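In this note's numbering, the protein residues as written are 59 to 197. Where is the CB? At the ideal position from N, CA and C, for every residue including glycine. No experiment lies behind these values; they were computed from the predicted model shown.
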Amino acid sequence: HEVNSPVSNYVRVSTTNGLHWGPAIPLTTSGLNGFVTQIATNGCNGGYSCFGTPNANVFLIWPQVVNVGGTHYWHMFISSSSNFGSSWTNNDVSNPTGTSGPNNDIATSSITANGATAYAVWQYQATSTSNYQVMFVHS
Numbered sequence: 059h060e061v062n063s064p065v066s067n068y069v070r071v072s073t074t075n076g077l078h079w080g081p082a083i084p085l086t087t088s089g090l091n092g093f094v095t096q097i098a099t100n101g102c103n104g105g106y107s108c109f110g111t112p113n114a115n116v117f118l119i120w121p122q123v124v125n126v127g128g129t130h131y132w133h134m135f136i137s138s139s140s141n142f143g144s145s146w147t148n149n150d151v152s153n154p155t156g157t158s159g160p161n162n163d164i165a166t167s168s169i170t171a172n173g174a175t176a177y178a179v180w181q182y183q184a185t186s187t188s189n190y191q192v193m194f195v196h197s
């Protein structure tokens, strides 16, 4: 389905294994945004639960419409947190021209984590008549 109206993405964090949740933290606040398509965490040395020291890094990826020289393009954004999701930094990881995926919010991307490093791939098209390519980035 196509995204034709503003969509905002929020994160809520639990420090009690899901028993209680903190307030909604906005990741996106304006414009046309696709929904967060992937969430990556390293858990504790690669696992999702552990008895050791947990890894505080969390990564999200989503498409967002940006205006480049008067033309709207879908770009891929990665949000990262190094404090268990308490605060976030957003980064546009797309090429400045072209579009990252079609005009919709389908999952045309993926992200995974290894410690404080994220690895992401997404679909990219330089022009409306060119072939799609797979783009890769890591932090």
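Residue from the options whose Cα sits closest to the Cα of residue i
i: residue 179; options: 67, 86, 133; result: 133
i: residue 121; options: 98, 142, 99, 166; result: 166
i: residue 177; options: 100, 183, 76, 113; result: 100
i: residue 71; options: 127, 129, 145, 96; result: 145
i: residue 116; options: 94, 66, 185; result: 94
i: residue 142; options: 66, 191, 118; result: 118
i: residue 81; options: 195, 127, 69; result: 69
i: residue 185; options: 123, 168, 131; result: 131
Element boundaries [beta strand (DSSP E), containing residue i]
i: residue 178; result: 175–183
i: residue 129; result: 129–139
i: residue 167; result: 167–172
i: residue 124; result: 116–126
i: residue 18; result: One cannot answer for residue 18 here, as it falls past the ends of the chain, which runs 59 to 197.
Assigned secondary structure, residue i (DSSP; H/G/I helix, E/B strand, else coil)
i: residue 105; result: Because residue 105 sits at a pLDDT of 49, beneath the cut-off of 50, its placement in the model cannot be relied upon, and the following sentence gives the value as read from the coordinates. Strand at residue 105.
i: residue 84; result: strand
i: residue 163; result: Per-residue confidence for residue 163 stands at a pLDDT of 46, beneath the threshold of 50, marking its modelled position as unreliable; no derived number is given.
i: residue 191; result: strand
i: residue 73; result: coil
i: residue 196; result: strand
i: residue 99; result: strand
Supposed contact pair residue j and residue i - C-beta distance, whole angstroms, cut 8 Å
i: residue 171; j: residue 98; result: 4 Å
i: residue 137; j: residue 85; result: 5 Å
i: residue 197; j: residue 175; result: 5 Å
i: residue 149; j: residue 135; result: 7 Å
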